Amino acid sequence: MAPRQLLNLTALVFLIVSLRSEHATTGDSLPLRWMDFHEIVRLSATERNRLRRETGISDQELREVERVDRDVIYRVPVHYRAALQDGDYRIVGDPPFRFIDPDISVRHLSQDLRVWMSGYKDALLVEKILFALAERFPDITRLETIGQTHEGRPILALKIARNPAEQRNRPTVLLAGAHHGNEPLSVDYVLDFAYFLLYGTPAFEEEEGVIARSFRETFYRQTNAVGTEFFRQREHEDILDNFVIWCVPLVNADGLDSFWYRNVYSGRKNARDTTAPPGWNKEDGVDLNRNYPYQWDSGYEGSSSGEGRSLYFRGPTPASEPEVAAIMQLAERERFALALSFHCYATKILVPYTAEEATNPRPHVAWRLGQQLARAGISNRPDRDYVAVKNLYAVDGTDQDFLFHRYGTLAFIVEGSYLSPDYEPFGRLSIRGVRPIILRALQAFREGPVVTVYTTDEESQPLTAVVTIEEYDYYEGESFETRPRTGRFDFLLERPGVVTVQANRDGYLAARQRVQCNGGACEAHLKLTPVSSR
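In this text, residue positions in the sequence shown follow our numbering: the first is 947, and each later residue adds one.
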């Protein structure tokens, strides 16, 4: 058995044992969310003493999270839920997430990046981590503010690449988390990969055995110009050499803040005030992943809602929300070849098109890649593995469909395996199981077959043009353009073989080239000639 398989088996055995021991007395289903682990209760001193007498609960199990007047709010293990209900105790049914994870305040005070990485992150910790990574790896990162939320929080994007200040000619990749702020693990999926790529090692040392860690530290230890120690190996360096990675871990910072500090049943949507009376309401907001222009308000029943209180409110107009506009502007500039948007917790790879009435291209290259990503994912759940699907239910106005339709981006939604469990060990196992999905997506582009098209003018200068593969059919009016700065577009092919690439631009004669591509990257150079010159 390979070391990775043995490690995964060990983790799964530990997971199953943990599940059985924690929930055997209650008969609960598989614990995936915070409420499967904890209950929040408000007690007076008298009530606390009564609870101790009735249940034998220990001081260690009564975790104080806040004082309110003469009462204390406690986090207690979920197996006391029935006793709390039967005893008519004051259960706090809609707490802020900081009551579930009170150690967030400890992480705030730390100056240690590994401590920040060791639990769930709010908007402040996300900023701390991104700034720390940018400061420690100035040679291969650049941190940008790509927009602001409704409440004025920055939307940060970390660019990871060789010589990031240069506009180098490589495929660009988007990793985006937390379109829905009540899905905290989606933030971690992005930050974990950024850390892994930069340092060459996971943020959690216990993922490695003693021998593996000793080998890494002996043979791969390096130090950069600012004194940061890292351990990148060939797979990490290959990614840096061949891709430009954009990490946007927190699209919906306002939603995440509401989830942490107001109410765990808020935060899916952004902070737009959409209900009466004016002021904050947990039902406020626009579902950012119903606000993208493609198939916005498609009319298909259940795909989205025009009602401001709905969890799926699509917004007043397409791309009305600043968070969506920020992602769209970045996409317009970068023309991503690949995009992974992270959500929780269906354990699925969603393949475009996800809108019900959209017709997929033929051959459906995204479906083939989506199946590969599903096989690469490790759910660390005993009840299911990752699978590739069209969607979970009717949707429209999603980021992945917009990117796929507008730019030809192979854009997937990765639905992780947990929502908001205890971070140790369940959250971390979910994070760890997503990492191979990202690596497989990048590897697929390296393996190919990929036809990289370059369009130029008569003087060999980059020229934007619409490019197609004649053997591939599209049905939704797609029109894929080469990048303005480089004249480049990347087609991942369904299989090796010969394809015919064509480039068109108004005022120019069409250019065609047949390309034999058996694997890896194959290039097609199309020079466009003005009509007037013939």
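Ideal placement from N, C-alpha and C gives every residue a C-beta, glycine not left out.
Treat the numbers as computed from the prediction; the structure is a model and nothing was measured.
Cα atoms of P1309 and F1435: separation of roughly 18 Å, rounded to the nearest angstrom.
The alpha-carbon of P1298 is positioned some 12 Å away from that of R1352. If you keep only unbroken alpha helix (DSSP H) runs of at least 4 residues inside the stretch 1103 to 1149, you get 1131 to 1145. The beta carbons of D1345 and S1406 sit no closer together than 8 Å.
Buried is the label assigned to V1210, since at least 16 other Cβ atoms lie within 10 Å of its Cβ. Closest in alpha carbon position to P1195, among R1208, A1111, L1388 and P1100, is P1100. In the three-state reduction of the DSSP assignment, W1192 falls in the strand class, which pools E and B.
Contact between K1215 and G1231 holds: their C-beta atoms lie close to 3 Å from each other, under 8 Å.
Per the C-alpha coordinates, the member of F1161, N1450, P1023 and I1046 positioned closest to V1399 is N1450. For a cut-off of 8 Å, the C-beta gap from G1379 to S1325 is around 6 Å, short enough to register as a contact. If one requires a minimum length of 3 residues, the beta strand (DSSP E) runs lying completely within the stretch 978 to 1038 are 984 to 989, 1009 to 1014 and 1017 to 1023, in chain order. Secondary structure of T1401 (DSSP, three-state): strand. When DSSP reads this structure, A1334 sits in a beta bridge with I1295. Burial is judged here by how many other beta carbons sit within 10 angstroms of a residue's own beta carbon; E1416 has fewer than 16 and is exposed.
If you compare the alpha carbons of R1036, T1118, S1051 and P1268 with that of R1429, the shortest gap goes to T1118.
With distances taken between CA atoms, F1165 lies nearest to R1180 out of E1152, T1402, A1171 and R1180. According to the DSSP assignment, K1473 belongs to the beta strand (DSSP E) that extends over A1467 to K1473.
Between the beta-carbon of G1373 and that of L997 there is about 28 Å, and that puts the pair past the 8 Å contact cut. Under DSSP, A1457 forms a beta bridge with A1449.
Residue pairing of V1396 in beta bridges, as defined by DSSP: L1438 and A1467.
In the structure shown, Q1462 falls within a strand segment according to DSSP collapsed to helix, strand and coil.
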